[in-house]
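First to last, the protein sequences are chains A and B. Just so we're aligned, residue 0 is where the first sequence starts under numbering that gives the first Met the number 0, counting upward by one. Just so we're aligned, residue 0 is where the second sequence starts under numbering that gives the first Met the number 0, counting upward by one.
Protein chains: 2
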Amino acid sequence: MSSMAPKGRQRAAPKVASGGQPAPHGSTMHRRNPVGSGIHSHESFSQADREAIYRVIFERRDVRRNFLPTPIPDEVLARLLNAAHHAGSVGFMQPWDFVIVRARETKRAVKQLFDKTNEAAALRYDKPRAGLYRSLKLEGIEESSVNLCVTCSRQRGGPQVLGRSTVRDTDLYSTCCAIQNLWLAARAEGIGVGWVSILDHAALKKVLAIPRPVKVLAYLCLGYVSEFAARPDLEAAGWRARLPVQELVHYEVWGNKAEGNGRKLTCESPRSIPEPAMRAKRG
Amino acid sequence: MSSMAPKGRQRAAPKVASGGQPAPHGSTMHRRNPVGSGIHSHESFSQADREAIYRVIFERRDVRRNFLPTPIPDEVLARLLNAAHHAGSVGFMQPWDFVIVRARETKRAVKQLFDKTNEAAALRYDKPRAGLYRSLKLEGIEESSVNLCVTCSRQRGGPQVLGRSTVRDTDLYSTCCAIQNLWLAARAEGIGVGWVSILDHAALKKVLAIPRPVKVLAYLCLGYVSEFAARPDLEAAGWRARLPVQELVHYEVWGNKAEGNGRKLTCESPRSIPEPAMRAKRG
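Right, dumping it as structure tokens:
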């Protein structure tokens, strides 16, 4: 394995053998890590690694269509849950649980909850927005091979959770971070994930027998897909445009749109912006 | 580029040229994507890509120490913010903003807020837990080169945000997903990120002049680090142990610890669990 010196940190490329396994090495800095696990905490990421990581971030989609009937192998689902489980959590609380739903009848019951809530939601819009709303596909509950309810057990860490005394909802925030881990890992596996937020969580808890003190964070639909959309569905449908990220950056205090010396970030490098169509459209 | 057929989806390895740039290709399926950006939405991820993605998920840490004085170049910071900005958001609301803090005096003011809140938090524990608590390093506000306050503008999407009518806090959840994107991208860049949750957000908003309707989600400390810890700090310090992920999985309904036919997931594959010491300890 190449140097761990700070200078080499950014550019050092880990040697990857032809099978995709990191090459063995003998550095004493890695002693705390398992032998043969392929996971070493002190390694830097190569340029190719970083590109893969940015690519999965940019190409993750909220997926509601193109699901294939191909089942998700248990070992792949296990990898996704393990990825979720390796999010950080306030006070190392690990407040999440995962309810795996595969049964048709359960999916149908949840789909009925969605339909009821979605009909009410559609009534909130006037024409022509209402027509556009109804044309959007907002869930893939029955088409996806696995549904996954992610919850947050708010009492898991006992009454005193380190770091949670001032901002009580940090356990929810940790659980969202876990969901994002799963979402990215799924994209890397070719599995689409759709987050169904149009659901009455109290009713959903009854369907899944989730106890009262446990909070539902997300109901996700997972499945292999024939393709991932190049852009988010709502952007492609003209529902809303992507905001230029520069407009969301403040310097030192809110509202300062540049540093004192006029310096400001340029966020739209070719590598980091995958949608030039939007860039052109917004000038 | 190799086949997009479902069979080849999982194993197809994109051709990567020696410089780490995906090789050019001419598939019509990619036409919507930018030429020369290196980002193509329909590509599958190679085994090496997936390993990098899992590795960054497993090796991300909540970092409070080992910060180097090396400044973060603007283009790197821009990449991190862009990664955050490419999280999904309810109704494509993109509710986040980023306040970049570099000034010593601002950091000092925030550090004082931390000290005050942390002293109160320490008093909640009895011995010997109180002693252990005080020995923990829980922030790197002044040592890290950039502090970043991530907020959620709850009114950004107008009164009717698609998908948010039933679960109003989905905008907060989206913002957390954005933070996780940034956290992972930072790890890939060799940048440690620490989430300081022991802060009075009302007082913090005054320091950063954040308007009343905008919610503070996170105060992050970012900087290059000399090394990343092999395990989370709180685990290494014996504050709490990692839970076996299997214990957090339910089948069909809450509390079912296996499928009807007795089938259950095995989550501890060597590749996916980086901490064999913990596995051994918990049997």
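All residues carry an ideal CB built from backbone N, CA and C; glycine is no exception.
Between A/F97 and B/V166, the gap from beta carbon to beta carbon reaches 7 Å or more. Bridge partners of B/G191 according to DSSP: B/G222. Taking a beta-carbon distance threshold of 7 Å, A/E138 does not count as an interface residue toward chain B. The C-beta of B/F66 comes no closer than 7 Å to any C-beta of chain A.
The C-beta distance from B/I178 to A/C176 rounds to 7 Å, short enough to fall under 8 Å. Under the three-state reduction of DSSP output, B/V98 falls in the strand class. Ranked by Cα distance from B/R60, the options B/K263, B/A108, B/I197 and B/G222 are led by B/G222. About 5 Å separates the CB atoms of A/E138 and A/F113; that is less than 8 Å, so the two are in contact. Against chain A, the CB of B/R211 has no partner CB under 7 Å away; the residue lies outside that interface. The beta-carbon separation of B/P68 and B/S134, rounded to 25 Å, does not stay under the 8 Å limit for a contact. In the DSSP annotation of this structure, the continuous segment of the alpha helix (DSSP H) that includes B/S134 starts and ends at R128 to S134. By the criterion of a C-beta distance shorter than 6 Å, B/R155 is surrounded in its chain by M92 and P94, once the five residues flanking it on both sides are discounted.
Three or more beta-carbon pairs drawn from the stretch 74-86 of chain A and the stretch 184-191 of chain A are found closer than 8 Å, and the two stretches are therefore classed as touching. Apart from the 5 residues on each side of it in sequence, B/Y124 sits with its Cβ closer than 6 Å to the Cβ of Y132 in its chain, given in chain order. Taking 7 Å as the CB threshold, B/G189 lines the interface with chain A. For A/V166, no beta strand (DSSP E) encloses it, and the DSSP letter there is neither H nor E.
When DSSP reads this structure, A/A217 sits in a beta bridge with A/V149. Beyond the five residues adjoining it in sequence on each side, B/R63 comes within less than 8 Å, by CB distance, of K136, L137, E138, G139, G193, C220 and D232 in the same chain, given in chain order.
In the three-state DSSP reduction, A/F227 falls in the coil class, being neither helix nor strand. Cβ contact annotation for A/I56 (same chain, cutoff 8 Å, sequence separation greater than five): L183, in chain order. Under the three-state reduction of DSSP output, A/V89 falls in the helix class. With 16 or more other CB atoms across the displayed protein chains lying within 10 angstroms of its CB, A/E50 is buried. In this structure, the alpha-carbon of B/V252 lies about 27 Å from that of A/N65.
Measuring C-alpha to C-alpha distances from B/E246 to each of A/A47, A/N81, A/S45 and A/Q46 identifies A/N81 as the nearest. Going by DSSP, A/V244 is part of no alpha helix (DSSP H) at all; its letter is neither H nor E. DSSP places A/N117 in the uninterrupted alpha helix (DSSP H) bounded by R103 to A121. A distance of 7 Å or more separates the beta carbons of B/S196 and A/V160. Only those residues of the stretch 55-81 of chain A whose C-beta falls short of 9 Å from the nearest C-beta of chain B are listed: V55, I56, F57, E58, R59, R60, D61, L67, T69, D73, E74, V75, L76, A77, R78, L80 and N81.
Non-local beta-carbon contacts of B/E58 in its own chain, meaning distances under 7 Å to residues more than five positions away in sequence, involve R186 and F227 in chain order.
By alpha-carbon distance to B/R241, the top candidate from A/A86, A/S225, A/K106 and A/R103 is A/A86.
Beyond the five residues adjoining it in sequence on each side, B/D199 comes within less than 7 Å, by CB distance, of L112 and T116 in the same chain, given in chain order. When DSSP states are grouped into helix, strand and coil, A/Y53 belongs to the helix group. In this structure, the beta-carbon distance from B/A120 to A/S164 falls below 7 Å. Boundaries of the alpha helix (DSSP H) harbouring B/N81: D73 to H84, taken from the DSSP string. Beta-bridge pairing by DSSP links B/Y250 to A/I99.
Rounded to the nearest whole angstrom, the CA to CA distance from A/P158 to B/R230 is 25 Å.
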